[in-house]
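**Q** One point on numbering: in our numbering, the residue at position 104 of the sequence shown is 442, and numbering is uninterrupted. Even glycine gets a Cβ: it sits at the ideal position worked out from N, Cα and C. What you are looking at is a predicted structure, and each value in this text was computed from that prediction instead of being measured.
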Amino acid sequence: MASKQVFTIQEYLSNACLPTFRRSSTKLLSTTKFPRALTWPRYSELQKAINYRALRHTKRTEIIPFINLVKDFLSSFCVPSIDTADYSNEECSLRLPSPGYVSYDDDDIQFLKNIDNEEQFVSLMQNYVLSTVSESLRILYGHARHSPDAAALQFRSASHLCVAHHARWDVLALPGTLERPYPFFVFFISPSEFGIQDMWDIAEPRE
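1. For R394, count neighbouring Cβ atoms within 10 angstroms of its own Cβ and tell me buried if that reaches 16, exposed if not.
2. Does the contact criterion of 3 or more C-beta pairs under 8 Å hold for the segment 402-421 versus the segment 485-492?
3. Would you tell me roughly how many angstroms separate the C-alpha atoms of Q464 and A496, rounded to the nearest one?
4. Should A469 be labelled buried (16 or more other beta-carbon atoms within 10 Å of its own) or exposed?
5. Using a Cβ-Cβ cut-off of 6 Å (strictly less than) and excluding sequence neighbours within five positions of E456, which residues of its own chain qualify?
6. Please state whether DSSP places S495 in a helix, a strand or coil.
7. Whole angstroms are fine: how far does the CA of F526 sit from the CA of R506?
8. In chain order, what are the residue ranges of uninterrupted alpha helix (DSSP H) at least 4 long that sit wholly in the segment 422-481?
9. Are L351 and S474 closer than 8 Å when you measure CB to CB?
10. For a test of the three-state rule: what should DSSP assign to F404, helix, strand or coil?
11. Could you give the residue range of the alpha helix (DSSP H) that holds A511?
12. Need the endpoints of the alpha helix (DSSP H) that A489 sits in, please.
13. Please name the residue, chosen from L512, E517 and L516, that lies closest to F523 on a Cα-to-Cα basis.
14. Starting from S352, trace the alpha helix (DSSP H) both ways and give me its first and last residue.
15. In terms of DSSP beta bridges, what is F526 paired with?
16. Go to I541, then tell me how far its alpha helix (DSSP H) extends in each direction, as first and last residue.
17. Any idea what DSSP makes of S419, helix, strand or coil?
18. Express the C-alpha separation of P403 and K397 in angstroms, rounding to a whole number.
19. Cβ atoms of F359 and L434: under 8 Å apart, would you say?
20. How would you call V408, buried or exposed, if buried means at least 16 neighbouring beta carbons within 10 angstroms?
21. Measure from the alpha carbon of D421 to the alpha carbon of each residue in C500, R361, V344 and R518, then state which is nearest.
Right, dumping it as structure tokens:
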């Protein structure tokens, strides 16, 4: 819920962070007993077709020019203000905590204390993280709430696009248009699928 009634999207995002969450049980995940998770089965759906052209070259973008590009992009927007009264009786879709701007009520805290399975992980990703991404973009672009343009920024389940027996992932995507039905995907894999060394590899700082 919003702690402050009127603020800018810049103020909110500059202080926003991922929420702390935990399992209801103190019992360790079984995968933490192993340095790395067990080898995944071969999924035919993820295998490249015969004679498919392999990627031969990638271009690496240096971090400083990339940061400058992002700054230039953001500076092209006016800084819109958010008035939480505009949401009327609806919950504000900015769901990541931001000290002084958005905090959690008892329902949020109770949910975040009991993330015990993949379905709850997906709910956390969709209703807190991606919801905030979608609402931030809507505000920056100035789209009206509940408009078709705003709906095009809402992530939806698209797991049917990559079906495999005992698949270990969920797919969330922007709906797009008829010409470009799914312009952006998020593949989500539960932390329970990783060993402790896998997690260290993911979290380790890189150049």
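**A** By the coordinates alone:
1. By the 10 Å Cβ count, R394 comes out exposed.
2. Judged by pairs of C-beta atoms under 8 Å, the segment 402-421 does not touch the segment 485-492, as fewer than three such pairs exist.
3. Each residue's alpha carbon lies about 12 Å from the other.
4. First, the residue type needs correcting, since residue 469 is Ser and not Ala in the sequence shown. Burial call: buried.
5. So the qualifying residues of the chain are S528.
6. Strand at S495.
7. The alpha-carbon of R506 is positioned some 9 Å away from that of F526.
8. Taken in chain order, the unbroken stretches of alpha helix (DSSP H) that lie wholly in the segment 422-481 and span 4 residues or more are 444-450, 456-462 and 469-479.
9. Taking 8 Å as the Cβ cut-off, L351 and S474 qualify as a contacting pair.
10. The three-state secondary structure of F404, taken from DSSP, is helix.
11. Annotation: A511 is outside any alpha helix (DSSP H); the continuous beta strand (DSSP E) that includes it extends over D508 to A511.
12. Here the alpha helix (DSSP H) through A489 covers P486 to A489.
13. Of L512, E517 and L516, the residue nearest in Cα terms is L512.
14. Its alpha helix (DSSP H) spans residues I347 to N353.
15. Answer is D508, bridged to F526.
16. The amino acid occupying residue 541 in the given sequence is Ala; Ile does not appear at that position. Per DSSP, A541 belongs to the alpha helix (DSSP H) from I534 to A541.
17. Strand.
18. Going from the Cα of K397 to the Cα of P403 covers about 13 Å.
19. No.
20. Here V408 is exposed, its C-beta having fewer than 16 other C-beta atoms within 10 Å.
21. Nearest neighbour of D421 by Cα position, chosen from C500, R361, V344 and R518, turns out to be V344.
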